[in-house]
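K.L.:
Residue numbers (the UniProt record's numbering): 1 to 543.
A single structure is presented below for examination.
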Amino acid sequence: MSATAHQPTGGEDRTVTEQDLDTLSRQLGRPVRDVVEISARCVCGNPLVAATAPRLGNGTPFPTTFYLTHPVITSAVSRLEATGRMNEMNERLASDPELAASHRAAHEAYLAARREIGRISGVGEVPEIDGISAGGMPERVKCLHVLVGHSLAAGPGVNVLGDEAIEGIAEWWTMDRCSCDGAWDTSGQAPAKDLSRHGPQGRPDLVGRPAPRRSTTRRVAAIDCGTNSIRLLVADRDAKGRLEDVVREMRVVRLGQDVDKTGEFAPEALERTFAAAEEYARLIAENPAPAGDSTEDGSVALTPADIRFVATSASRDARNRQTFVDGIRERLGVDLEVISGDEEASLSFAGAASVLPPRGEELTLVVDLGGGSTEFVLGDDDGVRAARSVDVGCVRLTERHLRSDPPTAEEIASAEADVNAALDLVLETVPLGRASAVVGVAGSITTITAHALGLERYDSSRIHGVHLSFADLRRACDSLLSMTRDERAALGFMHPGRVDVIGAGALVWRTVLGRLEDLSQGRLQEAVTSEHDILDGIALSIA
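Here it is in structure tokens:
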């Protein structure tokens, strides 16, 4: 690499302008915050890297000084991470003393740069992150986005592994050409921003302040990462265990793309999931806990102890899941938990059970129909009595069987055979016919319910807690399974990420309902749909 191969261009002026803030907000798709300078620019002058104050406006310490903002570069680096490049770099760091020394020097340079950004912003020193840089430095590599951002900000030769990563993404992005056209939405008004939060107007008044006392209500953040979607719930939990939503978000990322076939996460699937995790990290930071009565600054940032990230079916199967684990830790500051099918079932039951009034010893069956697996949980007011997770889900069955548009009779028959075989396994440990109530949860079932209700658009308030007959639900399933892709996409309640897989979800649900009616000898005739599921169970489980 030449000495100027990726030297930032677009002028030496790193001053943040109002136009820069508009561009950054559009690049990130949210209001930008606490920007001190533009540390690297495209050849056209647009921001590539923003330097963030080491303490945010709400008082939260923020160790990631150089934030890679340009969507094309961010995507390219995610692709590189997904190839296993971080693992290769870590192996070299363990065996190459010269490279390890260079990486430690990059760590020291990062700390020095952050001290200077703190001085410029007026924040000053931030004791909580003293000696902590980012990206895994000084011992490991945990996030290439951080290293690339530092490398672009500092110029070549300062962060050697960041320089290498920039070489590694040359197929998708290089410094000598502009990649801004179409990279972000330039229509309409940019996401709102508060100019008072940017530039040398930090919060020195917060330095050294003790952590505020929390109120009796605890704010928690739960993340459920499944085969098809990743969801976030930020909620306030009272002393009786009741939840009140603050933020509830869902992104379809299709993490389980081709895992059933290859045994590994696809690079583009990891890229989509990491992008969603970064967005969720921002939402968590932007929704701190309410202050206790004695607090002065009005809020308390959530700590890792307040956050739980749970990964399910696809993450149990993937050989390269360590790349996923490391990427989530860097973005959210927590260790993801790849839970067993049994724990997944218990969490789903805890979240879904609130849709029904107390039932004593009467047994309720919760069916959680996911992308890669489906959980069957039988329990009462005292908790789970029996549970089983089986590998049938809307993504898995679509990839295995439903390849035509709409699926053929032969494809449907082979998929139904898989579901019935899975139900036979469930019956070995879960006496489905003993249930006196059935609750269905997760996106496939709520979407089927929306269709059964004839909704023109998705309305959680009408879906949550509704009781529908098996006959009505099966008619909705038949309808969705027989539609073409275009017909499904035209439905106003249909999430774009479910268009391709809802047919398989409908097939699973109608098969399950048919078996339940037979097993109960006709006693079970209706199901309740719940918007509360494993995500709520995760929030309730945070100690």
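Glycine included, C-beta positions come from ideal geometry on N, C-alpha and C.
Going by DSSP, which residues form a beta bridge with Glu526?
P.N.:
Ser469
K.L.:
Using only the alpha-carbon positions, how far apart do Ala422 and Arg510 sit?
P.N.:
14 Å
K.L.:
For the region 406 to 417 against the region 432 to 444, are there 3 or more C-beta pairs whose distance is under 8 Å?
P.N.:
The region 406 to 417 vs the region 432 to 444: no contact.
K.L.:
Can you tell me whether Thr408 is buried or exposed? The criterion is at least 16 other CB atoms within 10 Å of its CB, across all chains shown.
P.N.:
Taking all protein chains shown into account, Thr408 has fewer than 16 neighbouring C-beta atoms within 10 Å of its C-beta and is therefore exposed.
K.L.:
Mind checking which residues open and close the alpha helix (DSSP H) that includes Pro97?
P.N.:
97 to 121
K.L.:
For a test of the three-state rule: what should DSSP assign to Leu397, helix, strand or coil?
P.N.:
helix
K.L.:
How close, in whole Å, do the beta carbons of Leu481 and Gly465 come, if the pair is a contact with beta carbons under 8 Å?
P.N.:
With 8 Å as the limit, Leu481 and Gly465 do not qualify as a contact, their Cβ atoms being about 25 Å apart.
K.L.:
Curious, which full-length beta strand (DSSP E) runs of at least 3 residues does the region 346 to 395 contain?
P.N.:
The qualifying runs are 364 to 369, 374 to 380, 383 to 390.
K.L.:
In whole angstroms, give me the CA-to-CA distance for Gly162 and Met89.
P.N.:
11 Å
K.L.:
If Ile73 and Trp173 are in contact, beta carbons under 8 Å, what's the gap, nearest whole angstrom?
P.N.:
5 Å
K.L.:
Could you tell me which of Ile120, Leu233, Leu144, Glu517 sits nearest to Gly537, measuring between CA atoms?
P.N.:
Leu233
K.L.:
Let me check understanding here. Comparing Cα to Cα, which of Ile38, Val441, Gly351 lies closest to Thr65?
P.N.:
Ile38
K.L.:
How far does the alpha helix (DSSP H) with Gly168 in it extend, from its first residue to its last?
P.N.:
160 to 168
K.L.:
My output table needs one value for Cys477: the three-state DSSP class, helix, strand or coil.
P.N.:
helix
K.L.:
Counting pairs of Cβ atoms below 8 Å between the region 127 to 140 and the region 90 to 105, do you hit three or more?
P.N.:
yes
K.L.:
By how many angstroms is the C-alpha of Ala51 removed from the C-alpha of Asp205?
P.N.:
The pLDDT assigned to Asp205 is 37, lower than 50, so where the model puts this residue is not dependable; a value taken from the coordinates is nonetheless given after this. Answer to the nearest angstrom: the Cα atoms are 21 Å apart.
K.L.:
Could you give the DSSP three-state label for Gly440: helix, strand or coil?
P.N.:
strand
K.L.:
Can you find the residues in the same chain that come closer than 6 Å, C-beta to C-beta, to Leu397, ignoring five residues on each side of it along the sequence?
P.N.:
Ala415, Ala504
K.L.:
Using CA atoms only, rank isn't needed, just tell me which of Asp96, Asn159, Gly182 is closest to Tyr110.
P.N.:
Per the Cα distances, Asn159.
K.L.:
Distance, Cα to Cα, Ile328 vs Phe274?
P.N.:
Annotation: Ile328 to Phe274 spans about 7 Å, alpha carbon to alpha carbon.
K.L.:
Flag this pair as yes or no: are the beta carbons of Ala53 and Ala153 separated by less than 8 Å?
P.N.:
no
K.L.:
Tell me the residue span of the beta strand (DSSP E) that contains Glu125.
P.N.:
That residue, Glu125, is in no beta strand (DSSP E); it is neither H nor E in DSSP.
K.L.:
Enumerate in chain order the residues of its own chain whose CB-to-CB distance from Arg218 is below 6 Å, with the five nearest sequence positions on each side excluded.
P.N.:
Arg237
K.L.:
Do Val253 and Ala221 count as a contact pair if the criterion is CB distance below 8 Å?
P.N.:
no
K.L.:
Could you give the distance in angstroms between the alpha-carbon of Leu468 and the alpha-carbon of Cys225?
P.N.:
28 Å
K.L.:
Does the count of Cβ pairs from the region 451 to 464 and the region 482 to 498 closer than 8 Å reach three?
P.N.:
yes
K.L.:
Where does Ala239 land, buried or exposed, given buried means 16+ other C-beta within 10 angstroms?
P.N.:
exposed
K.L.:
Whose C-alpha, out of Glu249, Met250, Val247, Leu270, is nearest the C-alpha of Gln257?
P.N.:
Leu270
K.L.:
What residues in its chain sit with their C-beta under 7 Å from that of Arg114, if we drop five residues either side in the sequence?
P.N.:
Taking Arg114 as the centre and dropping the five residues before and after it, the same chain places the C-beta of Pro54, Thr65 closer than 7 Å to its C-beta, in chain order.
K.L.:
Work out the CA separation of Ala352 and Val366 for me, nearest whole Å.
P.N.:
7 Å
K.L.:
Excluding five sequence neighbours on each side, which residues of the same chain lie with their C-beta closer than 6 Å to the C-beta of Ile534?
P.N.:
Excluding sequence neighbours, Ile534 sits near Asp224, Leu347, Ser348, Gly351.
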